[in-house]
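Quick note, the sequences are listed as chains A and B, same order.
Under the UniProt record's numbering, the residue at position 82 of the first sequence is numbered 82, and the numbers go up by one with no gaps.
Under the UniProt record's numbering, the residue at position 371 of the second sequence is numbered 371, and the numbers go up by one with no gaps.
The beta carbon of each residue, even a glycine, is placed where N, CA and C say it ideally should be.
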Amino acid sequence: MNQISKWIIYTIVALFLLAVPFIMSEFFTTMMVRVLYFSLMAVAFAFLASQIGLVSLAIPAFLGLSGYTIAILETREIMFFPYSAMAAIVVVLFVSAVFGIFANRSKGIYFIMLTLILGQIIWAVARQWASVTNGVNGLIGISTPDAMQFNVFGANVGFYYVILFTFVLIVWAVLALTRSSFGMKLKGIRESESRMIMLGYRVSRLKWVAFVISSLVAGIAGVFFVYFVGVMHPSAIDLDSSAMVLIAGIFGGVYSIIGAVLGMSIVQTLEVVLNAYTQRYLIIIGIMFLLVVIYAPKGLMGLIYKNKYMKSLYDKWYKGRKDS
Amino acid sequence: MNKKFHYFLFTVPMVFVLAIATACAEDANDDDNNDGEAAEEEMSIGLVGPMTGGFADYGEKAHRGVELALDEVDNTIAGYEVNLVVEDSQADAEQLTTSLDSLHQRDEVDVIIGPSTGDEGEAAASWAQDHEDVLIMPGYSAAEDMTMRAASDNLIRAGWTGTQTIYHFGKFVHDELGHDRIAMVGQNYAYPWDQAAGFKRGFYENGGEEVHTIWHETDILDFSSIMNELQSISDDYDAVLLNSGGADTIAFWGAWEQYGMGEYYPQLLGGTNVADIPILEEVTDNFEGVYSSMHYSEDLDHEENMQFRENYADMHDEEADGIALQGYDTMRVIIDALETTGGDTSDVNALTDEIMAMEVDDSPRGSFYFDEYGQAVQDIYIKEVQMVDGELENQVIDTYEEVSQFGPYEGLEEEYMEQPNNSADFPADTAEEYFEELEEYFGQEYIDELEENDGWE
């Protein structure tokens, strides 16, 4: 495929995404927003999973941290957007920096266990510390800031555009990161941690930075989550949510960031579409997941990358190689 | 050939995305067309609640109640055929918001019944404030704030609040059963907190001395340590109040019998959901004699209730209970209102006006009407579990008429809402501390009046 047709495809996709609020129904736009903030979580997950091979179950915990920070600050009228969002990001960075110190000493199953514990601690605090988090009642009444509510051609679609641009920017940045020298070092750790130590790289520091970056992306997802849903509730960060991110990641392909986004889109879309027809939709999603794991262990993206052109894109996006 | 296959693999996900996109777009178009052509025949009503998971009973039973009410009118309201759209909220606040958005935007529904659990209720109240063009009538959610601090005109509840059903039970336990000190075992979340709060208010203000609360996590199912604790303090307390529901209640009763707790505490009391029919079917016969209170009792012997229970059993092959009743009543209120307004669901203001002015006198639970916040004012029944023809059944032994969500605090609504939300430590565990709080929020005058009347009038 030549350069021109590639740009034509990019333009069509970009135009479609920009035009969504006008050519599609309001419902479709709402679902796009939902898919986008969940996909940010998937990106955070896939960045760690694909680059250093660490499976984190604490992704929703960081969404929860930033979401709860905003919800607490705004419902108590202490701070408002943009300061509340900044405070949320600072909290996320701080907690992930502290926790990263513990997490970067572990790998494999121990990393999964540590992040599981972190996720459960934050979930339990959200549930139990009722005087601050309002416990299982959740915090309600967080409204979307005016800065995210501007009109375009008379339609109130500001939120969609803000999250779309943030999303594209983050995905672009994360992809750029994976093919930078930093990304190469991370992949080195994934392949052989001991060899990287022997070569003189400060492995635990690299892992720490990657962990903080992943948490930051999840934290940004939390900002959009809380402003869009307007409710912060412990169920958003429970074990089910961690499992949902994990399932979406495996669905789309653990070794690909684009794959995680695709997986999350499919899982979320299926949930909403099937829910309208049957109350047993979770079974259908489960069976599909089973099929993917058996027949396409690298996920849907694994299937797609069998295509030569897509493979060259993969190399270019993740490994920095030019079209071969 | 091989290359073609690769293109095929590439096309599959693309087609998938396009298919989803067009499906959504077509749905929207279809609805637009319906407005023009077929609108005279069909009307959509949304139903949302937990249909899967541990709370599924609360959503599904409400659903069955709604189905019965619709069946009675032949699925037709004011000449329109009713299309009931059901969404699963998984007892999850975020999922609930998505479900509400789906119903509102995809199915263009203007009237929604649900949700059915407390935390979902809070989220629904928040959503209702942002969507004034949709009427929401909760299924079984009992969170106080939905019709108090977070009340909105378009959210009306034909159901109950966690405190409403139990204020007078506190009075009853002190005045009629003569208990002064109660040990309460409860699940540590919002609904039992509300129940504890309502009970304590009625209990202390009529002379009770102490309610010792023991909170535990939901679904612990192992009550050994709690039984030990209860045994060790049995000299200090007159009775135990079990403030929970579902599987925990059945497990609690198992441990209660195993540890021979009947010797330590002759009297067991229950929260509103404790003597529920599914639980009576599971527990042993010694459960006889448990007192509880609710806005409905299956043994009410007026015509409407008999009819309701019979029809429900015919349709669904199970006994009707409070949850089914609320689905049924809520749907009937909506049917009546829509019949009067000619089946126009889009004018939510006219609908809410109609419902708020309604006085329902033919409900299986008795009669009820709505207060200015949109919460039903209804009779509260004190029930005792008795053995009738070899089966455990609730028998009404006392009735408190026309109890509002503010219970005894009529005229003090503002002061009541000034207080913090009910929680594990609020209101306090002893009468002494409780009256200090009471003075802070309701003033000395209210306490003097209580002393003068020796409790509530």
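- In this structure, B:L241 is the residue among B:H316, B:I136, B:L241 with its C-alpha nearest to the C-alpha of B:F169.
- Under the Cβ distance rule, A:A130 counts among the residues neighbouring chain B, one pair being separated by less than 9 Å.
- From the listed residues A:L139, A:G158, A:F38, the smallest Cα separation to A:T75 is found for A:L139.
- Using a CB distance cut-off of 9 Å, B:Y189 counts as an interface residue toward chain A.
- In this structure, B:G159 is the residue among B:G159, B:M184, B:D194, B:A313 with its C-alpha nearest to the C-alpha of B:D379.
- For B:Y373, no alpha helix (DSSP H) encloses it, and the DSSP letter there is neither H nor E.
- Counting only residues of its own chain and dropping the five nearest sequence neighbours on each side, B:M387 has a CB closer than 8 Å to the CB of D285, E288, E393.
- B:A431 and A:A248 have their C-alpha atoms spaced approximately 53 Å apart.
- If the five residues before and after B:E402 are omitted, its C-beta is found closer than 6 Å to the C-beta atoms of V377, all from its own chain and listed in chain order.
- Within the stretch 334-414 of chain B, the runs of beta strand (DSSP E) that reach at least 3 residues and sit entirely inside it are, in chain order, 359-363, 366-370, 376-388, 391-403.
- Interface residue (Cβ-Cβ distance to chain A less than 9 Å): B:N421 is classified as such.
- Against chain B, the beta carbon of A:A173 has no neighbour under 7 Å; the closest one sits roughly 24 Å away.
- Counting of Cβ neighbours within 10 angstroms places A:M41 among the buried residues, the total reaching 16 or more.
- For B:N83, no alpha helix (DSSP H) run applies; the uninterrupted beta strand (DSSP E) run containing it begins and ends at 80-88, by DSSP.
- Among the residues of the stretch 190-205 of chain A, none has a Cβ less than 9 Å away from any Cβ of chain B.
- By the rule that beta-carbons nearer than 9 Å mark a contact, A:Q279 touches chain B.
- Per DSSP, the beta-bridge partners of B:T76 are B:E81.
- Between A:L206 and A:I189, the C-beta spacing is below 9 Å.
- Taking 8 Å as the upper bound for CB-CB distance, B:T340 and B:E354 are in contact here, some 5 Å apart.
- For B:R181, the enclosing beta strand (DSSP E) has its first and last residue at 181-187.
- Closest option to A:F228, judged by alpha-carbon separation, among A:K311, A:E191, A:V162: A:V162.
- In this structure, A:I4 lies away from A:L57, with their beta-carbon atoms at least 9 Å apart.
- The C-alpha of B:N422 is placed about 13 Å away from the C-alpha of B:E437.
- Taking a C-beta distance under 9 Å as the contact criterion, B:I335 and B:L84 do not qualify as a contact pair.
- Sixteen is the threshold: since fewer than 16 other Cβ atoms of the shown chains lie within 10 Å of the Cβ of A:L15, the residue is exposed.
- Distance from the Cα of B:T399 is smallest, within the candidate group B:S292, B:H179, B:I250, B:A124, for B:S292.
- For A:S56, the three-state secondary structure derived from DSSP is coil.
- Look at A:G219 here: in three-state DSSP terms it is helix.
- The closest CA to that of A:V13, considering only A:V168, A:Y314, A:V92, A:R105, is found on A:V168.
- With the criterion set as a beta carbon lying under 9 Å from some beta carbon of chain B, the members of the stretch 25-47 of chain A are S25, E26, F27, F28, T29, T30, M31, R34, in sequence order.
- Remark: three or more beta-carbon pairs, one from each stretch, lie closer than 8 Å, so the stretch 264-273 of chain B and the stretch 165-185 of chain B are flagged as touching.
- Three or more Cβ pairs drawn from the stretch 64-72 of chain A and the stretch 80-96 of chain A lie within less than 8 Å of each other, which places the two stretches in contact.
- A:M264 is positioned such that its CB atom lies no closer than 9 Å to that of A:G253.
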